[in-house]
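Colleague:
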Amino acid sequence: MVPMRFLAVLMVMLLVFSALSIALPAPGRYLVKGDARGLRVQHEFSGGVTAELSSAEALALTLRGVELESVPLWHVLGRQVSASGKGKPGPAARVSFPSDQTPWGMETVYNNASLLSTSGGAGVDVAVLDTGVYKNHLDLSRRVTQCKDFTRGPVKNGCPDGYGHGTHVSGTILADAGADGLGIWGVAPAANLFAYKVCGNDGYCWSDNIATAIRHAADQGAEIISMSLGGDAESALVRDAITYAVGKGVLVVAAAGNDGPALGSIDWPGANANVVAVAAIDSSLAVADWSSRGLNDGDFVIEAQEVEFGAPGVAVESAMNNGGYAIWDGTSMATPHIAGLAAKLWQGSGAATRAYLQGLAVDIDAAGDDPATGFGLARLG
Numbered sequence: 002m003v004p005m006r007f008l009a010v011l012m013v014m015l016l017v018f019s020a021l022s023i024a025l026p027a028p029g030r031y032l033v034k035g036d037a038r039g040l041r042v043q044h045e046f047s048g049g050v051t052a053e054l055s056s057a058e059a060l061a062l063t064l065r066g067v068e069l070e071s072v073p074l075w076h077v078l079g080r081q082v083s084a085s086g087k088g089k090p091g092p093a094a095r096v097s098f099p100s101d102q103t104p105w106g107m108e109t110v111y112n113n114a115s116l117l118s119t120s121g122g123a124g125v126d127v128a129v130l131d132t133g134v135y136k137n138h139l140d141l142s143r144r145v146t147q148c149k150d151f152t153r154g155p156v157k158n159g160c161p162d163g164y165g166h167g168t169h170v171s172g173t174i175l176a177d178a179g180a181d182g183l184g185i186w187g188v189a190p191a192a193n194l195f196a197y198k199v200c201g202n203d204g205y206c207w208s209d210n211i212a213t214a215i216r217h218a219a220d221q222g223a224e225i226i227s228m229s230l231g232g233d234a235e236s237a238l239v240r241d242a243i244t245y246a247v248g249k250g251v252l253v254v255a256a257a258g259n260d261g262p263a264l265g266s267i268d269w270p271g272a273n274a275n276v277v278a279v280a281a282i283d284s285s286l287a288v289a290d291w292s293s294r295g296l297n298d299g300d301f302v303i304e305a306q307e308v309e310f311g312a313p314g315v316a317v318e319s320a321m322n323n324g325g326y327a328i329w330d331g332t333s334m335a336t337p338h339i340a341g342l343a344a345k346l347w348q349g350s351g352a353a354t355r356a357y358l359q360g361l362a363v364d365i366d367a368a369g370d371d372p373a374t375g376f377g378l379a380r381l382g
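Residues are numbered in the numbering used here as their position in the sequence shown, beginning at 1, plus a constant of 1.
(1) Considering just the uninterrupted stretch of the alpha helix (DSSP H) at Y197, what are its terminal residues?
(2) Can you give me the start and stop residues for the beta strand (DSSP E) that H44 sits inside?
(3) Which residues does DSSP list as the beta-bridge partners of E68?
(4) On a CA-only basis, which of G265, P270 and S333 is nearest S236? Give me that one, please.
(5) DSSP three-state call for S285: helix, strand or coil?
(6) Pair every Cβ in the stretch 297-309 with every Cβ in the stretch 341-351, then say whether three or more of these pairs are closer than 8 Å.
(7) What are the partner residues of V254, as DSSP defines its beta bridges?
(8) Could you pull out every unbroken beta strand (DSSP E) segment of at least 3 residues lying fully inside the stretch 153-202, listed in chain order?
(9) Which residue marks the beginning of the beta strand (DSSP E) containing D131, and which one marks its end?
(10) Should A234 be labelled buried (16 or more other beta-carbon atoms within 10 Å of its own) or exposed?
(11) Could you check whether G311 and D389 sit closer than 8 Å to each other, using their CB atoms as the reference points?
(12) Could you tell me whether the stretch 207-223 touches the stretch 236-245, using the rule of 3 or more Cβ pairs below 8 Å?
(13) Straight-line CA distance for G304 to A278?
(14) What is the DSSP secondary structure of G232, reduced to helix, strand or coil?
(15) With DSSP as the reference, please indicate the residues paired to G311 in a beta bridge.
(16) Out of curiosity, what's the CA-to-CA distance linking L286 and P372?
(17) Considering only the beta carbon of each residue, do V33 and A52 sit closer than 8 Å?
(18) Could you work out which residue in A316, A257 and I226 is closest to G375 when comparing CA atoms only?
(19) Run through the DSSP bridge pairs and tell me what V1 is partnered with.
(20) Quick one: what's got a C-beta closer than 6 Å to S319's C-beta in the same chain, skipping five residues either side?
(21) Applying the 10 Å Cβ sphere with the 16-neighbour rule, what's the burial state of R41?
(22) With a CB to CB cut of under 8 Å and the five nearest residues on each side skipped, what residues in its chain are close to Q102?
(23) I need the DSSP call for A212, collapsed to helix, strand or coil.
(24) Quick one: grab the DSSP three-state call for K149.
(25) Where does the unbroken beta strand (DSSP E) through L74 begin, and where does it stop?
(26) So Y111 packs on L346, CB below 8 Å; how close in whole Å?
(27) Counting pairs of beta carbons, one from the stretch 119-126 and one from the stretch 154-166, are three or more of them closer than 8 Å?
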């Protein structure tokens with residue numbers, strides 16, 4: 002029970018702030034570094050807990066001397082262009098077919114224009130942090146080994162994808178064409194999927210959800226974490242979680258962002274030097290104008306705010322959350338091509354696999370380590 006005297010003081014402070022036109026704390030999600038009694042806690046961290054706060058709640062905590070740190074809100078980095086096969090939910094007989102079982106992105110990273118199927122990834126666990134996944138899709142149902150929700154406080158079972166983005170991304174990484182062999186192929190169709198829902202059905206993602214999922218994936222033994230999401234503001238919680246995961250040998254891959262072509266437009270967490278940031282190219286291997294650029298200095302050493310690879314991210318066909326297929330654009334779509342290739346070519350650790358992919362890359366934009374595509378296009382030799 003909040004003391005009446007404190008409520009009265011709070012009301013007076015609200016009136017004073019209003020009268021003086023002083024901005025109140027914005028409502029949103031905060032890391033609460035102190036007494037969090039009475040709050041609905043979302044996630045726990047060593048430095049505090051996160052919770053959704055109204056302006057009044059944030060002000061009240063501040064007046065009590067509790068330190069607050071705003072939690073950045075990010076978003077997924079892809080958009081649907083068109084549907085390519087009408088489907089309906091349900092694990093029964095196939096109701097739709099992809100327009101191409103091995104889309105141009107598969108042919109590109111496999112370096113094979115006559116590609117009929119893909120292979121590889123057995124024993125590799127890939128955690129996809131996204132809007133969830135439609136786990137009954139015929140091309141994904143045999144790949145899902147974990148399905149968890151980080152958007153509603155402590156981790157819960159289930160990973161419903163009401164947006165479709167996570168299903169599309171997952172398909173590019175490891176779709177296996179289904180038991181009938183008539184569906185779509187991903188880069189590493191024998192890999193295992195940890196489907197972690199960290200974003201809402203509107204495509205927005207609180208970064209504390211992401212930080213918690215990164216740590217959980219690392220603790221669960223994931224070899225690769227793929228994040229087709231980002232934003233302009235860095236998150237200390239995510240930064241620390243990435244450091245933790247990389248320390249356990251995990252390869253972390255993320256989208257560069259869709260804010261190009263200005264230099265330095267790369268999004269977080271892709272801008273983190275411990276993360277493989279992926280830009281988008283089209284079927285002619287040209288960089289998408291909207292693909293975010295880094296601040297690469299040409300030394301072939303990836304540092305903060307540098308793009309590492311370019312990969313197929315324009316007119317990419319993959320699985321959808323209605324059981325069918327769709328074509329999407331975005332660095333979101335480029336990212337899973339690299340995550341899938343890493344799963345197919347896993348070298349025993351994240352660092353070794355990252356170096357191996359760098360060795361495979363071919364220049365596709367300006368010569369050398371450039372801000373648009375970094376090392377270039379990573380593909381099979």
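Glycine residues also receive a C-beta, built at the ideal position from the N, C-alpha and C atoms.
Modeller: The structure says:
(1) First-last for Y197: N193 to K198, but that is the beta strand (DSSP E), not the alpha helix (DSSP H).
(2) Residues V42 to F46.
(3) Paired residue(s): K34.
(4) Checking every option, the nearest Cα to that of S236 belongs to P270.
(5) Here S285 sits in coil by DSSP.
(6) Between the stretch 297-309 and the stretch 341-351, the count of Cβ pairs shorter than 8 Å is below three; the stretches do not touch.
(7) Answer by DSSP bridge pairing, in chain order: S227 and V277.
(8) Fully enclosed beta strand (DSSP E) runs of no fewer than 3 residues occupy 193-198 of the stretch 153-202, in order along the chain.
(9) Run containing D131: D126 to D131, per the beta strand (DSSP E) assignment.
(10) When all chains shown are included, A234 counts as exposed.
(11) No answer is possible for residue 389: the residues shown for the chain start at 2 and end at 382.
(12) At 8 Å Cβ cutoff, the stretches touch.
(13) Sequence check: residue 304 is Glu here, not Gly. Rounded to the nearest angstrom, the two C-alpha atoms are 11 Å apart.
(14) For G232, the secondary structure class from DSSP, reduced to helix, strand or coil, is strand.
(15) DSSP lists A280 and L378 as partners of G311.
(16) Approximately 15 Å between the Cα atoms of the pair.
(17) In this structure, the beta-carbon distance from V33 to A52 falls below 8 Å.
(18) Closest by C-alpha distance to G375, out of A316, A257 and I226, is A257.
(19) This structure does not reach residue 1, given that the chain is present from 2 up to 382, and the question cannot be answered.
(20) Contacts found: H169, G172 and T173.
(21) Exposed, since its Cβ has fewer than 16 Cβ neighbours within 10 Å.
(22) So the list reads L117, S118, A178, L183, G184, I185 and W186, once near-sequence residues are dropped.
(23) Reduced to three states, the DSSP call for A212 is helix.
(24) Here K149 sits in strand by DSSP.
(25) Where L74 is concerned, the enclosing beta strand (DSSP E) starts and stops at L74 to V77.
(26) About 11 Å; that fails the 8 Å criterion.
(27) At 8 Å Cβ cutoff, the stretches do not touch.
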